[in-house]
Amino acid sequence: MNTAYLGMPTFPRAAAGSVRDTRLRANLTHATHTIRDKRAAAVAEIDDWARLRQAGKDIKDRTLRHLDHYLLQTERAVTAAGGQVHWAADADEANRIVADLVRATGEREVVKVKSMATQEIGLNEALAAEGVAAYETDLAELIVQLGEDLPSHILVPAIHRNRGEIRDLFREAMGRWGRPAPDTLTDRPSDLAEAARLHLREKFLRAKVAVSGANFLVAETGTVVVVESEGNGRMCLTLPETLISVVGIEKVVPTWQDLEVFLQLLPRSSTAERMNPYTSMWAGVAEGDGPRAFHLVLLDNGRTATLADQVGRQALRCIRCSACLNVCPVYERAGGHAYGSPYPGPIGAILTPQLRGLQSDVDASLPYASSLCGACYEVCPVAIDIPEVLVHLRERVAEEAAGHRRERAGVRAATWLLDHPAAYAAALRAGARTRRLQPERLRLPGAAGSWSASRDLPRMPAASFRDWWRAHRARPRDARHGEGGPGAPPFREGGEAR
Amino acid sequence: MRVALFVTCVNDALYPETGRAVVRLLERLGVEVDFPAAQTCCGQPQYNTGHRRAAEPLLRRTAAAFAGYDHVVAPSGSCVAMVRDGYPRMGDRARAEGRGDALAAAAAALVPRVRELTEFLVDVLGVTDVGAYYPHTVTYHPSCHGLRTLGLGDRPLRLLRAVRGLTLIELPGAEECCGFGGTFAVKNEAVSVAMGRDKVDHALATGADTLCGADNSCLMHLDGLIRRQDAPVRPLHLAEILAGTKADRRPPR
Ligand code: SF4
């Protein structure tokens with residue numbers, strides 16, 4: 009996968025750093041809260057949202073079950089329309105295919121319309137190694153590229169930046185890549201957009217090769233679909249002579265009719281719009297209209313392996329709307345970079361470790377990057393049960409990853425105790441006896457230390473509930489009145505409850 | 003009606019007062035409560051940390067301990083969510099792994115009888131006014147599992163609104179997770195604490211003197227933060243508010 013993410017710290021460490029970055033947190037909180045409220049309103053407008061969501065889920069599930077069939081159908085349709093299909097098993101193969109295609113044109117630069125798949129495979133870096141410059145044309149991607157930064161959100165890759173930061177970046181870096189920003193640039197959104205427009209226009213008019221991703225592929229006609237908000241994508245898709253689309257194999261839907269569902273689900277979930285501003289669709293090539301050569305690179309890169317996992321495969325339903333990021337309290341505090349992948353947030357926590365495998369420490373830490381609060385599942389337009397997959401992947405980590413042997417031993421001991429109520433009751437009694445000796449604010453070692461560094465420990469009660477019950481209630485039923493019965497004073501033995 | 007109290011391990015070990023409050027409350031409402039001592043823990047900590055197989059003995063234990071009761075009541079939405087969502091999943095997985103139907107059958111027999119306390123009060127007993135008295139300002143944090151997995155809706159709020167003397171103040175950002183999340187609280191301490199502090203700040207902004215919840219594990223996390231910063235709000239389980247009456251010699255603080 010993308011070399012840019014190599015050497016990332018594990019999620020807890022990276023997140024601990026972001027939590028301290030007050031500006032980052034302010035930027036993120038502001039942005040995510042604004043969009044989440046808008047999304048809720050946009051979704052509430054549709055009275056059959058639940059059924060639409062179910063339809064989206066069902067279409068994706070059925071397509072994934074017969075993925076081989078629909079991919080072959082796609083290949084036939086694309087070929088019949090004058091395009092060429094390439095199959096890429098992994099990132100290296102995909103990068104090699106694209107690099108060869110670009111080299112064959114004799115060009116040294118390409119324009120790109122936002123594509124997560126190419127970030128996933130590290131295409132820009134691979135092209136740079138071949139002496140080809142790749143220019144991002146999506147505004148947020150441009151900001152990320154100019155800042156030599158990494159994307160931190162699916163939809164708004166520069167969500168971690170505020171307007172002032174973006175103005176400074178434009179002033180400082182645009183000149184190095186092409187047309188510089190005017191010296192008088194302010195941080196007004198319209199000014200920033202105008203500077204980007206002029207900068208990008210130059211590139212659109214010059215570029216002979218474009219690289220795109222896709223939101224959907226329609227099997228019956230071989231149609232590639234990109235939805236976007238700025239129109240820059242449409243420039244990429246129509247002006248150049250050669251168009252190369254790199255698309256994950258899970259993006260296929262069987263028919264045009266299926267699009268009807270997703271073109272409703274996606275914009276409302278992602279930008280809270282009723283309809284996205286630009287929907288571009290193309291199939292193969294057409295004489296005198298648009299690119300003269302079209303290549304579709306179908307990318308596996310871990311998807312088939314994900315499909316083999318019966319619980320985990322639901323992650324492949326994802327339509328990258330980013331609704332789950334915008335409601336996630338963990339994402340809001342940790343920021344997108346902490347996830348060490350172009351796919352951050354809740355979906356990243358289940359998709360990345362499945363695509364990349366659980367071998368690295370950062371990937372093995374991702375399934376734990378959630379409090380399992382369920383807000384992501386609630387908003388997901390294709391009903392991916394992200395908490396279920398997280399727990400399932402934790403199971404795989406506990407089995408496969410090396411560092412979990414100690415935890416496994418501890419869990420086994422705890423389960424034994426809990427499966428032997430007499431021993432359990434004795435342990436509770438021992439805890440109660442020593443409660444006066446238990447400090448509430450001591451720095452403890454190990455996992456207890458992670459608790460007590462910032463939180464007081466709970467106060468131990470004088471007696472467990474079961475001991476109280478045995479002392480006061482576990483008597484013959486008819487002798488039960490009196491103390492503790494109806495109207496009696498509350499049992500207060502042992503004083504403070506909390 | 004044979005009703006068993008599923009007190010849950012956190013309450014048993016750390017918050018027995020909550021268990022006693024449930025007993026007092028249900029008895030006041032005419033329910034005969036039993037506490038099967040064979041119960042321990044639902045297995046959620048094991049399951050959610052990725053040790054599904056280690057949770058299986060606890061599924062069997064829990065199902066056996068409550069066999070024969072018409073209703074099983076627990077003052078913890080997250081443990082009820084574990085039973086309702088997790089147990090059938092564990093049964094399905096055992097079956098898929100070729101280990102027979104026993105676990106799935108145990109889960110299926112238990113699930114329909116288990117209810118979170120507010121579900122039991124509102125849906126089974128049909129009461130929202132439980133005759134409680136609590137002369138304080140209260141704000142309510144709906145824990146995630148109760149809110150989303152169980153869909154408790156406004157049941158807790160309806161119960162609280164009927165309490166004499168109680169002023170209910172809406173909690174800003176109520177539906178946001180407090181950051182406890184079981185082992186998340188220690189595995190991702192920094193984020194967990196950041197989430198918890200925001201929750202505490204929201205509670206303090208209401209000016210309420212009591213932060214009420216229906217899950218002591220979340221309250222334990224918040225209480226740890228509140229005591230560390232000596233914040234002027236007291237976390238308290240809903241059951242303890244509902245259990246108090248004017249007739250009590252010493253009303254709950
Ligand atoms: S997982 Fe669901 S909510 Fe998250 S980006 Fe994918 S489709 Fe959207």
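Chains as they are written, first to last, in our numbering: chain A, 9 to 506; chain B, 3 to 255.
Ideal placement from N, C-alpha and C gives every residue a C-beta, glycine not left out.
**OP:** Check the Cβ of L436/A against every Cβ in chain B and list those closer than 9 Å, keeping chain order.
**Re:** In the first sequence, the residue the question calls residue 436/A occupies position 428. Per Cβ cutoff of 9 Å: D14, A15.
Original post:
F302/A to A112/A, Cα distance in whole Å?
Top reply: Residue numbering aside, residue 302/A sits at position 294 when the first sequence is read from its first letter. Residue numbering aside, residue 112/A sits at position 104 when the first sequence is read from its first letter. Rounded to the nearest angstrom, the two C-alpha atoms are 13 Å apart.
Original post:
From A233/B to T231/A, what distance separates their C-alpha atoms?
Top reply: The sequence position of residue 233/B within the second sequence is 231, counting from 1. The sequence position of residue 231/A within the first sequence is 223, counting from 1. Rounded to the nearest angstrom, the two C-alpha atoms are 60 Å apart.
Original post:
Any chance the CB of P354/A is under 7 Å from a heavy atom of the ligand SF4?
Top reply: Numbered from its first residue, the first sequence carries residue 354/A at position 346. Yes, the beta carbon of P354/A sits closer than 7 Å to at least one heavy atom of the ligand SF4.
**OP:** Evaluate D87/B with the Cβ neighbour count: other Cβ atoms within 10 Å of its Cβ, from every protein chain shown; 16 or more gives buried, anything less gives exposed.
**Re:** For the purposes of this step, residue 87/B is taken as the residue at position 85 of the second sequence. D87/B is buried by the Cβ-count criterion.
Original post:
Enumerated in chain order, which unbroken segments of the beta strand (DSSP E) with a length of 3 residues or greater are wholly contained in the stretch 34-118 of chain B?
Top reply: 73-76, 116-118
Original post:
What's the C-alpha gap between D191/A and Y49/B?
Top reply: One-based indexing of the first sequence puts residue 191/A at position 183. One-based indexing of the second sequence puts residue 49/B at position 47. One C-alpha to the other measures close to 58 Å.
**OP:** Determine, using beta carbons only, whether H73/B comes closer than 8 Å to chain A.
**Re:** Taking the second sequence and counting its residues from 1, the one referred to as residue 73/B is at position 71. For H73/B, the answer is no, since every Cβ of chain A falls outside 8 Å of its Cβ.
Original post:
Do P389/A and C336/A have their C-beta atoms within less than 8 Å of each other?
Top reply: For the purposes of this step, residue 389/A is taken as the residue at position 381 of the first sequence. For the purposes of this step, residue 336/A is taken as the residue at position 328 of the first sequence. It is not a contact, given that the beta carbons lie outside the stated cut-off.
Original post:
List, in order along the chain, the chain B residues whose C-beta lies closer than 7 Å to that of E403/A?
Top reply: Numbered from 1 along the first sequence, position 395 holds the residue referred to as residue 403/A. Result: G52, R54.
Original post:
Should A331/A be listed as close to the ligand SF4, given that the test is whether its C-beta is under 7 Å from any heavy atom?
Top reply: The residue you call residue 331/A lines up with position 323 of the first sequence. Result yes, Cβ under 7 Å from the ligand SF4.
Subject >> Coil, strand or helix - A148/A by DSSP >> reply: Against the first sequence, residue 148/A aligns to sequence position 140. The answer is helix: DSSP assigns A148/A an H, G or I state.
**OP:** Could you tell me which residues DSSP pairs with F224/A in its beta bridges?
**Re:** Position 216 of the first sequence holds residue 224/A. According to DSSP, which records beta bridges pairwise, F224/A is partnered with V233/A.
Original post:
Which residues in the same chain as A57/B place their Cβ atom closer than 7 Å to its Cβ, once the five residues preceding and following it in sequence are excluded?
Top reply: Working through the second sequence from its first residue, we reach residue 57/B at position 55. Only G45, Q48, Y49, M92 meet the Cβ criterion.
**OP:** Can you tell me which of L363/A, R214/A, G356/A puts its alpha carbon nearest to the alpha carbon of A97/A?
**Re:** On the first sequence, position 89 is the one that residue 97/A refers to. Here the closest residue by C-alpha is L363/A.
**OP:** Determine the DSSP secondary structure at M243/A, reduced to helix, strand or coil.
**Re:** The residue you call residue 243/A lines up with position 235 of the first sequence. Of the three classes helix, strand and coil, the one that applies to M243/A here is helix, per DSSP.
Subject >> Under the three-state DSSP convention, the category E117/A falls into >> reply: As a working note, residue 117/A is residue 109 in the first sequence. Strand.
Original post:
Going by C-alpha distance, which of R30/B, G153/B, L154/B, Y136/B is nearest A210/B?
Top reply: Along the second sequence, read from residue 1 onward, the residue named residue 210/B stands at position 208. For A210/B, the nearest C-alpha among the options comes from Y136/B.
Subject >> Short CB-CB distance (under 8 Å) between C81/B and chain A >> reply: Taking the first residue of the second sequence as 1, we reach residue 81/B at position 79. No, its Cβ sits nowhere closer than 8 Å to a Cβ of chain A.
**OP:** Apply the 10 Å Cβ neighbour rule to S198/A and answer buried if 16 or more other Cβ atoms are within range, or exposed otherwise.
**Re:** Reading the first sequence from its first residue, position 190 is the one you call residue 198/A. Exposed: under 16 other Cβ atoms inside 10 Å.
Subject >> Residue-level contact to chain A via CB, D225/B, 8 Å cutoff >> reply: To locate residue 225/B, count along the second sequence from 1; it is residue 223. It does; some Cβ of chain A falls within 8 Å.
Original post:
Mapping DSSP to helix, strand and coil, what is I7/B?
Top reply: Along the second sequence, read from residue 1 onward, the residue named residue 7/B stands at position 5. According to the sequence as given, residue 7/B is Leu; it is not Ile. L7/B: strand per DSSP, three-state reduction.
**OP:** Look at the alpha carbon of R229/B and the alpha carbon of A470/A, and state the distance between them as a whole number of angstroms.
**Re:** The residue given as residue 229/B occupies position 227 in the second sequence. The residue given as residue 470/A occupies position 462 in the first sequence. Rounded to the nearest angstrom, the two C-alpha atoms are 20 Å apart.
**OP:** Look at L119/B and A39/B and say whether their C-beta atoms are less than 8 Å apart.
**Re:** For this step, residue 119/B is matched to residue 117 along the second sequence. For this step, residue 39/B is matched to residue 37 along the second sequence. No; because the gap between Cβ atoms is not below 8 Å, this pair is not in contact.
**OP:** Please report the Cβ distance between E268/A and P275/A, rounded to the nearest whole angstrom; I am assuming they are in contact, meaning their Cβ atoms lie under 8 Å.
**Re:** Position 260 of the first sequence holds residue 268/A. Position 267 of the first sequence holds residue 275/A. That pair is no contact at about 13 Å.
**OP:** Can you tell me which of the three DSSP states Q92/A falls into?
**Re:** Taking the first sequence and counting its residues from 1, one reaches residue 92/A at position 84. Note: Q92/A maps to strand in three-state DSSP.
**OP:** Measure the CB-CB distance between P158/B and L240/B and report whether it falls below 8 Å.
**Re:** Indexing the second sequence from 1 puts residue 158/B at position 156. Indexing the second sequence from 1 puts residue 240/B at position 238. Cβ distance < 8 Å, so P158/B and L240/B count as in contact.
Subject >> Per-residue contacts from E191/B into chain A (C-beta, under 8 Å) >> reply: Here residue 191/B corresponds to residue number 189 of the second sequence, with the count starting at 1. By Cβ distance, chain A contributes P20, A24, S458, W459, A461, S462.
Original post:
If you measure from the beta carbon of R229/B to each beta carbon in chain A, is any gap under 8 Å?
Top reply: Here the question's residue 229/B lines up with position 227 in the second sequence. Closer than 8 Å: yes.
Original post:
Which residues in the same chain have their Cβ closer than 6 Å to the Cβ of A83/B, if we skip the five residues on either side of it in sequence?
Top reply: Reading the second sequence from its first residue, position 81 is the one you call residue 83/B. H147, T151, L152, listed in sequence order.
**OP:** For I252/A, name the three-state secondary structure that DSSP assigns.
**Re:** Walking along the first sequence from the start, residue 252/A turns up at place 244. Reduced to three states, the DSSP call for I252/A is strand.
**OP:** Compare the C-beta of T151/B with all C-beta atoms of chain A and state if any pair is closer than 8 Å.
**Re:** Residue 151/B sits at position 149 when you count from the first residue of the second sequence. For T151/B, the answer is yes, since a Cβ of chain A falls inside 8 Å of its Cβ.
**OP:** Would you kindly check if the distance between the Cβ of H143/B and the Cβ of C81/B is under 8 Å?
**Re:** Taking the first residue of the second sequence as position 1, residue 81/B is located at position 79. Taking the first residue of the second sequence as position 1, residue 143/B is located at position 141. No, they are not a contact pair.
**OP:** Given a cut-off of 8 Å, decide if G52/B and A406/A are closer than it, judged by their beta-carbon atoms.
**Re:** Position 398 of the first sequence, counted from the start, is the residue given in the question as residue 406/A. Position 50 of the second sequence, counted from the start, is the residue given in the question as residue 52/B. It is a contact, given that the beta carbons lie within the stated cut-off.
Original post:
Can you round the beta-carbon distance between R163/B and L170/B to whole angstroms, since I take them to be within the 8 Å contact cut?
Top reply: Indexing the second sequence from 1 puts residue 163/B at position 161. Indexing the second sequence from 1 puts residue 170/B at position 168. Going by Cβ atoms, the distance from R163/B to L170/B rounds to 6 Å, so yes, they are a contact pair.
Original post:
To the nearest whole angstrom, what separates the beta carbons of A106/B and R97/B, a pair I think is in contact under 8 Å?
Top reply: Within the second sequence, the letter at position 104 stands for residue 106/B. Within the second sequence, the letter at position 95 stands for residue 97/B. That belief holds up - the Cβ atoms of A106/B and R97/B are roughly 5 Å apart, short of 8 Å.
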